[in-house]
Amino acid sequence: MTGSSLIDLLEKMLKLHKSLQQIAINKTAVIKEGNLTSLTALMQEEQKHIHAINTLEKKRIGLMTELTGKNSAGLQEALPYIEEKEHEPLLHMQEEMLAVLTALKETNTLNQLLLEQSMQFVSLNMDLLMPSADTQTYGNRGDDQSNETIKPLFDSQA
């Protein structure tokens, strides 16, 4: 077995990761807009990419096991089993994959923070629209006999 099959596999994985990075960038814009329909569509597309990447990763592990005889061999461990002329493209792909994965991680961290802020904003708005019964403002503190309950601004049963 030569490294060419490994190179082909890594090229496919790199292409999928770049596409996944673009989806993550698109998700950032959609989260900022608050467009849930587009966000759902992007998340479905993201799941397809992740499934394809997982399939290719299993194939990569199988190739590495065939090459090295080790179950969890990395590229550096596989280089002695691969022809010398194929080392350069493999190492270049490794560097490119690392850059794409780093950018993807940063984008996903940003998206997570944006989603957390959106959830906090929604929670704050819900608290403003539906105050708890314990919260009482501008009332006579000595009048505890009042059985009136505070009605929310938004009637969720309507």
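Read in order, the letters of the sequence shown correspond to residues 1 to 158 in full-length UniProt numbering. Don't be surprised by glycine CBs; every beta carbon is placed ideally from N, CA and C.
- One alpha carbon belongs to Phe121, the other to Gly62, and they sit about 46 Å apart.
- Assigned with DSSP and collapsed to three states, Ser118 falls in helix.
- The straight-line gap separating the alpha-carbon atoms of Ser72 and Asp127 is approximately 50 Å.
- Residue range Leu36 to Thr68 is occupied by the alpha helix (DSSP H) that includes Leu56.
- When C-beta atoms of the segment 78 to 90 are compared with those of the segment 45 to 60, fewer than three pairs fall below 8 Å, so the two segments do not count as touching.
- Note on geometry: alpha-carbon atoms of Leu9 and Arg60 lie some 7 Å from one another.
- Cβ neighbours of Ala78 within its own chain (closer than 6 Å, five residues either side excluded): Met64, Leu67 and Thr68.
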